[in-house]
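Residue numbers (this note's numbering): 46 to 582. Worksheet: the structure to be examined is printed underneath.
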Ligand SMILES: [Zn+2]
């Protein structure tokens, strides 16, 4: 009897340790999912999708990006490297390279070739990212036995999460309708992806119009269907349901990805990879990084207050519920670890705000490049002062050779430009990034700049627009600012070893990687700046 008690004691001591290990980690990024979308449509969500994650998992309700350039590539890199653009190097979707004097795309890599696609869309790799990802650390923890895959419609949504040592990253070719890759990961696509491509699921879905999943009268969280500030596809006459997904013959799948079918295809591919590559079937932990790009493409065109966005999230919730049930069956409840977040939020459409008397600036008629060049030319003579301007977050790069030839410092030109730029109705501040530490700006904004400022890649000056501003605005909306609507995203942890509950203190998206590493008992990422959220309230 005594021996039995002792044996049971040892069994109790040992069993929970191995039971806490998941078979697989599933990272989910919903591109452009703002925090409030979890609650905005809550009464119409099923019990099995987002609400299950919120009910049974840890819901970090106050999770923010800690930098000003809230765009897709920076967001994905931050989630998976646990770092910030200052350190992981991905300061935007693209940036101006002073040495080659051209814009560099975040994942471009001329040393690799496309696999199952042209080099134009296939010359991609994670080499511009300076840090390891959580998937890399997982592989480092067990002599590269773990399998790690990244999938997304967008290449940057697949490549940056999967990391440097991934088995593969797969993204969507709008021309062929196939999932494709680059030679960085090997000369062939994984067998499961070849099998998926052969099924031609995108060809099937592109024939199916996007119709509302509920009667139109039930979309009470949204405006009426046809409003003047919604965008429209090239081949549609009106921005209303049903959307026929008609696309130009040379780009036949472009509209498919701007519909919820883009999410459906990704769920199907995820299951095909899990089964075909036998993920979570060995004695080590595998990882699958899924990034749903379609909500972003839909959100840019129609905005967060549209019936289109509401329907997208109702469908995504339903499909997420079905995916969780599939994972339950495949691995057993509690045997997989999932997190869900977004790469950035989004602003409401300026037109919608203006119609409701909220302060918004949809700016389509001002070229900041022109304003700055003209102001400096008036003072110093005709030259092309600006080398480049970041498209979203309004960073300006000056031509160093021109400044040198005129013996001008950044302070000189900032002194000339500040009173002119600041007078524009949509501008809140104009900051000399070369000297921002000595500039009297609020600590809050200074921290955002500090985390976003990369000494090799960031521009020279920053135009800080007022909240509610979208540059280049005609219809639809955007993101890329340090404001609440762009920084505040959902963060849900669910599954193995994750308690049910809420954390309401402010946490950073950079905390995700070390939170996962802590649960897996592995070293966190090489450039980690975050800390585990566990124990916070
Ligand atoms: Zn994005």
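Beta carbons are placed, not taken as given, at the ideal position from N, Cα and C, and that holds for glycine.
| said: Could you check whether the segment 156-168 touches the segment 225-244, counting it as contact only if at least three pairs of C-beta atoms, one from each stretch, sit closer than 8 Å? | reply: yes
| said: Quick check on this structure: which residue in 82, 238 and 431 has the alpha carbon closest to the alpha carbon of residue 147? | reply: 431
| query | Is it right to say residue 494 is buried, meaning 16 or more other beta carbons lie within 10 angstroms of its own, or is it exposed? | reply | buried
| Could you check where the alpha helix (DSSP H) with residue 313 kicks off and where it finishes? | 306-321
| query | Do residue 560 and residue 573 come within 7 Å of each other at the CB atom, strictly closer than that value? | reply | no
| message | From the DSSP secondary-structure annotation, give me the bridge partner or partners of residue 72. | response | 334 and 384
| task | Would you kindly report the start and end of the unbroken beta strand (DSSP E) that includes residue 506? | result | 506-510
| Would you call the CB atoms of residue 76 and residue 388 closer than 7 Å? | yes
| Sorry if obvious, but does the Cβ on residue 457 come closer than 6 Å to a heavy atom of ligand 1? | no
| said: Is it buried or exposed, residue 378, if we count other Cβ atoms within 10 angstroms and call 16 or more buried? | reply: exposed
| On the three-state DSSP scale, how would you describe residue 354? | helix
| said: Less than 7 Å between the beta carbons of residue 257 and residue 356, yes or no? | reply: yes
| request: Tell me whether residue 580 sits in a helix, a strand or coil according to DSSP, three-state version. | output: coil
| field | Host alpha helix (DSSP H) of residue 145 (start-end) | value | Looking at the DSSP string, residue 145 is not in any alpha helix (DSSP H), and its letter there is neither H nor E.
| For residue 522, which residues from the same chain have a beta carbon less than 8 Å from its beta carbon, with the 5 sequence-adjacent residues on both sides left out? | 344, 345, 348, 349, 391, 392, 393, 394, 395 and 515
| message | In the DSSP output, which residue or residues are listed as bridge partners for residue 105? | response | 548
| task | Give every residue whose Cβ lies closer than 7 Å to any heavy atom of ligand 1, listed in chain order. | result | 76, 77, 116, 117, 120, 341, 388 and 389
| said: Using a Cβ distance threshold of 8 Å, determine whether the segment 307-320 contacts the segment 178-188, with at least three qualifying pairs required. | reply: no
| message | At 4 residues or longer, what runs of the alpha helix (DSSP H) sit wholly inside the segment 440-472? | response | 445-450 and 455-466
| message | Alpha carbons only, please: which of 236, 306 and 352 is nearest the one belonging to residue 285? | response | 352
| field | Nearest residue (CA-CA) to residue 354, options 298, 380, 581 and 255 | value | 255
| Going by Cα to Cα distance, which pick from 513, 498 and 512 is closest to residue 506? | 498
| The beta strand (DSSP E) enclosing residue 240, as first and last residue numbers | Where residue 240 is concerned, there is no enclosing beta strand (DSSP E), although the alpha helix (DSSP H) it sits in stretches over 236-243.
| field | For residue 533, three-class secondary structure by DSSP | value | strand
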